[in-house]
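Novice:
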Amino acid sequence: MIASLSQRRGVRQFVKFGVVGLSGLLVNLAIFTLLQRFDPRHSETLHYNVLYSIGFLAGGVSNYYLNRVWTFRSTGHAVREGVQFLTVSVIALAVGIGFNLLLHPYLGNGHKMWFVATIGGIFVNFFLNKYWTFKHLN
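When we follow the numbering used here, the leftmost residue of the sequence shown carries the number 72, and every step to the right adds one.
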């Protein structure tokens, strides 16, 4: 049964999307951590959201490239797909910032908040990209 599941295209794509997402998560965390370490203003909530946004979008660029060439093997219009992927990333970023604003009083700024905000954005990213950006490949 497991062997037959691994042969299904959607399951393979989901696993690949997860691997790519993990790599983007690591890019996001690395960029966010570097920016936070070298910027003394990171404790300000507005400035924290700027650092979070830079890390999130850096991970998004990495995710777009890897999902396009490896997960979905798309040969579609790269600019159109890129714009759609970026749009999805901005929506997911808004979800993450929403989590930041709602939960900041309880979690403060830092890695706990980064983790919660990023997890919220992951679900938005997967479903919108699977069924909008790369829907022609489903």
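C-beta atoms are modelled at their ideal positions from N, C-alpha and C, and glycine is treated no differently. Only a predicted model underlies this, so the values are computations on that prediction, with no experimental measurement involved.
When the Cα atoms are used, what is the spatial distance from Ser124 to Arg144?
Specialist: For the purposes of this step, residue 124 is identified with residue 53 of the sequence shown, where counting begins at 1. For the purposes of this step, residue 144 is identified with residue 73 of the sequence shown, where counting begins at 1. Approximately 27 Å, taken between the alpha carbons.
Novice: Mapping the DSSP letters down to three states, classify Thr26 as helix, strand or coil.
Specialist: Absent from the model: residue 26. The displayed extent of the chain is 72 to 209, so no value can be given.
Novice: Scan the stretch 106 to 184 and note each continuous alpha helix (DSSP H) run of 4 residues or more that stays entirely inside, going in chain order.
Specialist: 116 to 137, 149 to 178
Novice: Leaving out five residues before and five after Met184 in sequence, what residues of the same chain have Cβ atoms less than 7 Å from its Cβ?
Specialist: The residue you call residue 184 lines up with position 113 of the sequence shown. These residues qualify, in order along the chain: Asn171, Leu174, His175, Leu178.
Novice: Who are the near neighbours of Val187 in its chain, counting only those whose CB is closer than 7 Å to its CB and skipping five residues on each side?
Specialist: By one-based count along the sequence shown, residue 187 stands at place 116. For Val187, where only same-chain residues beyond five positions count, the Cβ hits under 7 Å are Phe170, Leu174, Leu178.
Novice: Is Arg83 helix, strand or coil when you go by DSSP?
Specialist: Your numbering for residue 83 matches position 12 in the sequence shown. Helix, per DSSP.
Novice: Cβ atoms of Ile162 and Val121: under 7 Å apart, would you say?
Specialist: Here residue 121 is taken as the residue at index 50 of the sequence shown, counted from 1. Here residue 162 is taken as the residue at index 91 of the sequence shown, counted from 1. Taking 7 Å as the Cβ cut-off, Val121 and Ile162 do not qualify as a contacting pair.
Novice: To the nearest angstrom, how far is the alpha carbon of Leu180 from that of Thr158?
Specialist: For the purposes of this step, residue 180 is taken as the residue at position 109 of the sequence shown. For the purposes of this step, residue 158 is taken as the residue at position 87 of the sequence shown. It is worth fixing the name first, because residue 180 is Asn in this sequence and not Leu. Computed Cα separation, rounded: 26 Å.
Novice: Kindly indicate which three-state DSSP category Phe205 falls into: helix, strand or coil?
Specialist: On the sequence shown, position 134 is the one that residue 205 refers to. Coil at Phe205, not helix or strand.
Novice: Using alpha carbons as the reference points, say which of Tyr202, Val132, Phe198 lies closest to Ser94.
Specialist: Looking up residue 94 in the sequence shown gives position 23. Among Tyr202, Val132, Phe198, the Cα nearest to that of Ser94 is on Val132.
Novice: Out of Ile168, His148, Leu137, Gln155, state which residue places its alpha-carbon closest to the alpha-carbon of Val86.
Specialist: The residue labelled residue 86 in the question sits at position 15 within the sequence shown. Of Ile168, His148, Leu137, Gln155, the residue nearest in Cα terms is Leu137.
Novice: Which whole-angstrom value describes the C-beta separation of Val166 and Gly126, a residue pair presumed to lie in contact below a C-beta threshold of 8 Å?
Specialist: Counting from one through the sequence shown, the residue named residue 166 turns up at place 95. Counting from one through the sequence shown, the residue named residue 126 turns up at place 55. In fact, because the Cβ distance is near 15 Å, the residues do not count as touching under 8 Å.
Novice: Output yes or no for whether 7 Å exceeds the beta carbon distance between Val82 and Thr142.
Specialist: Within the sequence shown, residue 82 is the residue found at index 11, counting from 1. Within the sequence shown, residue 142 is the residue found at index 71, counting from 1. No, the Cβ-Cβ distance between Val82 and Thr142 is not below 7 Å.
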